[in-house]
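To start, the structure itself, in structure tokens.
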Amino acid sequence: MKKIAIASIAIMAAAAAALPAQAEVSDDIVKIGILNDQSGVYADFGGTWSYEAALMAVEDFGGTVLDKPIEVVTADHQNKPDIAANIARQWYDQDQVDTIMELTTSSVALAVQGISKEKKKIDIVTGAATTTLTGEQCSPYGFHWAYDTHALAVGTGGALVNNGGDSWFFLTADYAFGYSLEEQTGNFVKENGGSVVGSVRHPLSTTDYSSFLLQAQASGAKVIGLANAGLDTANAIKQASEFGIVQSGQRLAALLFTLAEVHGLGAEAAQGLSLTEGFYWDRNDETREFGKRFFDRTGRMPNMIQAGTYSAVLQYLKAVEKTGTDETEAVAKALHEMPVNDVFAKNGKVGANGRMIYDMYLMEVKKPGDMAGDWDYYNVLDTVPGDKAFIDPAKSGCPLASN
Amino acid sequence: MMMIFGIPIQAFLGQLLIGLINGSFYAMLSLGLAIIFGLLRVINFAHGAQYMMGAFVGFLLLSWIGINYWLALLVAPVIVGITGIVIERFALRRLYNLDHLYGLLFTFGLALVIEGGFRYVYGSSGQPYATPDILSGGVNLGFMYLPIYRGWVVVASLIVCIGTWLLIEKTKLGAYLRAATENPTLVQSFGINVPFLLTLTYGLGTALAALAGIMAAPIYQVSPLMGSNLVIVVFAIVVVGGMGSIMGAIVTGYMLGILEGLTKVFYPEASNIVIFVIMAIVLLVRPAGLFGRDV
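For the record, the sequence lines run as chains A and B. FYI, in the numbering used here the residues of the first sequence are 3 to 405. FYI, in the numbering used here the residues of the second sequence are 2 to 296.
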């Protein structure tokens with residue numbers, strides 16, 4: 003009896019000693035939280051479909067990492083930073099969540115990145131746009147994946163300025179994201195010899211834009227820049243066509259507009275729009291295969307936020323596997339070092355400020371008659387090289403990158 | 002060029018007209034809300050959801066069976082009105098004798114369920130709904146380009162508002178309705194089916210919301226969320242006009258629409274709260290509302 007006890011203790015000790023070398027996964031589970039808007043103006047942007055994309059990434063990875071199960075949890079932050087902060091704290095403190103991703107809406111992303119930094123957890127933002135995330139408020143454990151306001155300014159703004167759109171009027175959503183997008187696009191326009199003749203700030207989720215559109219019309223600007231997103235942009239575009247704005251020669255620049263919103267607006271109203279996205283399903287065989295799988299699960303094609311979330315989850319799991327642990331410092335280091343090569347990004351690299359740098363695409367929405375199928379919305383006009391699209395990390399204002 | 006408050010008079014006129022157009026929607030919606038509150042004493046928070054349902058039913062009728070805008074203008078309110086009747090008959094009726102709060106909570110919950118259901122199926126970025134051909138395009142008024150459809154909205158809303166007001170205030174049916182809310186027992190003793198009248202009233206109120214919804218469909222994205230912000234604004238309008246005052250709701254709807262439109266020019270950031278500021282002031286100075294009777 004005594005011998006057996008000693009033997010079993012010895013075995014246990016040996017097993018315990020062997021464990022750290024093999025794998026260190028906190029709580030024996032890798033838990034990924036997808037936190038975004040699932041009921042508000044941005045619910046189509048990523049929404050529950052981002053959660054679905056995360057599940058796809060986990061399945062494609064094999065369902066386990068370092069022989070431990072992977073779990074994805076999700077919640078709706080309702081675009082409110084306070085609600086998001088509460089959920090993030092609950093997830094980190096009580097529910098053993100290792101990392102939070104998606105984080106649509108800049109104000110929310112900034113709040114959650116702050117908490118993640120304080121709690122030493124990794125966050126990967128795919129749904130929010132502000133460059134502040136990888137600028138003044140960057141975090142050693144914070145990453146910004148799909149797109150940002152700078153990329154949109156360079157992509158869509160650049161395309162229009164090059165085509166003679168040298169005077170701009172902005173219709174701007176009245177919060178951090180809108181300001182950031184307006185400022186960067188405005189700067190880009192000015193640097194390229196154009197001018198900004200005015201702007202008007204509207205509250206989030208405004209339904210009627212006619213008043214603002216009349217002001218934009220009266221300004222005589224050649225381009226009306228829509229520095230808003232989601233349903234707000236869709237409504238503004240729809241009403242601009244109603245008021246004959248495009249017909250009378252002014253052009254609309256939907257600075258942040260994705261496949262999901264184009265689909266909602268319909269090709270009839272959206273045709274001819276220029277926009278910048280980091281992903282389009284109909285670009286090559288690999289993206290088509292991914293798009294089809296996503297479509298079979300959700301009934302829609304993925305946009306850059308959903309595909310970006312897939313990529314972020316996959317890359318996180320690769321980093322955990324590579325380092326043999328889910329410990330934050332080690333995984334963050336690996337994420338900074340590893341190139342990103344998947345269906346979403348090719349040869350993507352992560353800057354010292356946490357910005358994932360990869361090529362984006364300038365698209366144009368097809369005319370309804372030119373569409374070959376339900377989701378055949380884009381002509382890919384141009385590639386926006388990563389180094390142009392994103393701010394040089396050394397100049398981003400992020401203290402971590404400035405040495 | 003002549004200026005008013007620092008902006009050219011032409012721009013000012015344009016903004017007044019825009020305000021009037023938005024006021025048309027407010028008037029139609031607050032009218033339904035005021036009727037339901039005035040006659041049933043129910044604060045119908047599902048009104049925004051019913052407005053949204055009107056737009057969606059119009060969209061679905063078009064995309065499933067090809068029913069056009071004009072027919073949908075009749076059919077969609079009837080369909081949504083019937084759902085209203087079912088709700089009143091089987092649920093809302095049980096709450097009449099309780100505190101107003103129960104009706105409010107019930108309809109609020111109902112709105113969340115309806116909106117959540119539509120969002121689950123259709124997502125949030127909305128569905129397209131084309132303007133009918135005969136009303137597309139616009140006319141140049143000199144000071145602004147007026148889309149014909151928006152002009153139609155103003156005219157139609159005036160007709161609907163005045164028609165409904167006449168129905169309630171000037172017809173026999175309206176007289177029964179008003180009497181039934183004053184003293185249901187007495188009216189019932191005259192052989193009038195009061196519960197049926199109340200059911201009809203709720204049906205009418207929801208049909209009005211749906212009518213506003215289908216009229217809004219070509220202007221706004223047909224989205225599950227289209228009514229959720231609106232209902233709060235419209236509720237504030239009813240409070241400003243005087244709870245239950247039908248004429249008050251109509252006039253205040255147009256007035257606050259115009260005021261909101263002007264705010265969008267002078268201080269756009271405040272455009273979503275200006276109506277609530279007015280509401281607070283009215284409640285302080287004249288708690289019964291501008292057109293309400295003092296209790």
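Ideal placement from N, C-alpha and C gives every residue a C-beta, glycine not left out.
Query, Result
"Any residues in the stretch 199-217 of chain A with a beta carbon nearer than 8 Å to a beta carbon of chain B? Which ones, in chain order?", "202, 203, 204, 205, 207, 208, 209, 210, 212, 213, 214, 216, 217"
"Under 9 Å between beta-carbons, which chain A residues line up against residue 67 of chain B? List them in chain order, please.", "Neighbours of residue 67 of chain B on chain A: none; closest Cβ ~17 Å, over 9 Å."
"Between the Cα of residue 264 of chain A and those of A:203, A:373, A:54, A:147, spot the shortest distance and give me the residue it belongs to.", "A:373"
"Does residue 180 of chain B get closer than 9 Å to chain A when you measure Cβ to Cβ?", "no"
"Exposed or buried, what is residue 1 of chain A when buried is set at 16 or more other beta-carbons lying within 10 Å of its beta-carbon?", "Given that chain A is displayed from residue 3 to residue 405, the structure contains no residue 1 of chain A and the question cannot be resolved."
"Would you mind sorting residue 24 of chain B into buried or exposed? The rule is 16 or more other CB atoms within 10 Å of its CB.", "buried"
"Under the DSSP definition of a beta bridge, which residues are partnered with residue 170 of chain A?", "A:198, A:225"
"For the beta strand (DSSP E) containing residue 82 of chain A, list its first residue and its last residue.", "Careful: residue 82 of chain A lies outside any beta strand (DSSP E) and carries neither H nor E."
"Output the distance between the C-alpha atoms of residue 23 of chain A and residue 101 of chain A, rounded to the nearest integer angstrom.", "For residue 23 of chain A, the pLDDT reaches just 41, beneath the cut-off of 50, and the residue's location in the model is therefore unreliable, although a value from the coordinates is still provided. Cα to Cα, residue 23 of chain A sits roughly 23 Å from residue 101 of chain A."
"Could you tell me whether the stretch 106-125 of chain A touches the stretch 172-185 of chain A, where touching means 3 or more Cβ pairs closer than 8 Å?", "yes"
"Looking at chain B, which residues of the stretch 94-118 of chain A have a Cβ within less than 7 Å of any of its Cβ atoms?", "none"
"May I have the straight-line CA-CA distance separating residue 150 of chain B from residue 145 of chain A, to the nearest angstrom?", "47 Å"
"Could you check which residue in A:139, A:122, A:388 has the C-alpha nearest to that of residue 399 of chain A?", "A:139"
"Consult DSSP for residue 208 of chain A and reduce its assignment to one of helix, strand or coil.", "coil"
"Does any C-beta atom of chain B lie closer than 9 Å to the C-beta of residue 357 of chain A?", "no"
"Quick one: grab the DSSP three-state call for residue 132 of chain B.", "coil"
"Would residue 46 of chain A count as contacting chain B if we go by Cβ distances under 9 Å?", "yes"
"Could you please give me the residues that DSSP links to residue 406 of chain A through a beta bridge?", "Residue 406 of chain A lies beyond the residue range present for chain A, which begins at 3 and ends at 405; the question has no answer from this structure."
"Looking at chain B, is there any beta carbon in it that lies within less than 9 Å of the beta carbon of residue 302 of chain A?", "yes"
"Which complete alpha helix (DSSP H) runs does the stretch 136-178 of chain B hold, if anything under 4 residues is left out?", "149-171"
"Pull up the distance between the alpha-carbon of residue 16 of chain A and that of residue 393 of chain A, whole angstroms please.", "Caution applies to residue 16 of chain A, whose pLDDT of 49 falls short of 50 and renders its modelled position unreliable; the model cannot decide the point."
"Where does residue 253 of chain A sit, in a helix, a strand or coil, going by DSSP?", "strand"
"Hey, is residue 132 of chain B's beta-carbon within less than 9 Å of any beta-carbon in chain A?", "yes"
"If the cut is a Cβ gap below 7 Å, which residues of chain B does residue 176 of chain A touch?", "270"
"Measuring only between beta-carbons, confirm whether residue 281 of chain A sits less than 9 Å from chain B.", "no"
"My assumption, with CB atoms under 8 Å, is that residue 418 of chain A sits in contact with residue 271 of chain A. Please give the rounded CB distance.", "Not covered by the structure: residue 418 of chain A. The range shown for chain A is 3 to 405."
"Measuring CB atoms only, is the stretch 194-205 of chain B touching the stretch 28-44 of chain B, in the sense that at least three cross pairs come out at less than 8 Å?", "yes"
"Classify residue 385 of chain A: buried if its beta carbon has 16 or more other beta carbons within 10 angstroms, exposed otherwise.", "exposed"
"Where do the N-terminal and C-terminal ends of the beta strand (DSSP E) with residue 367 of chain A fall, by residue?", "362-367"
"What's the call for residue 375 of chain A, buried or exposed, on a 16-neighbour Cβ count within 10 Å?", "exposed"
"Helix, strand or coil: how does DSSP classify residue 251 of chain B here?", "helix"
"To the nearest angstrom, how far is it from the Cα of residue 16 of chain B to the Cα of residue 262 of chain B?", "6 Å"
"Can you tell me the Cα-Cα spacing of residue 272 of chain B and residue 214 of chain A, whole angstroms?", "11 Å"
"If you draw a straight line from the alpha carbon of residue 319 of chain A to that of residue 67 of chain A, how long is it in whole angstroms?", "7 Å"
"Short check: CB of residue 115 of chain B to CB of residue 216 of chain B, under 9 Å?", "no"
"Leaving out five residues before and five after residue 161 of chain B in sequence, what residues of the same chain have Cβ atoms less than 8 Å from its Cβ?", "29, 32, 209, 212"
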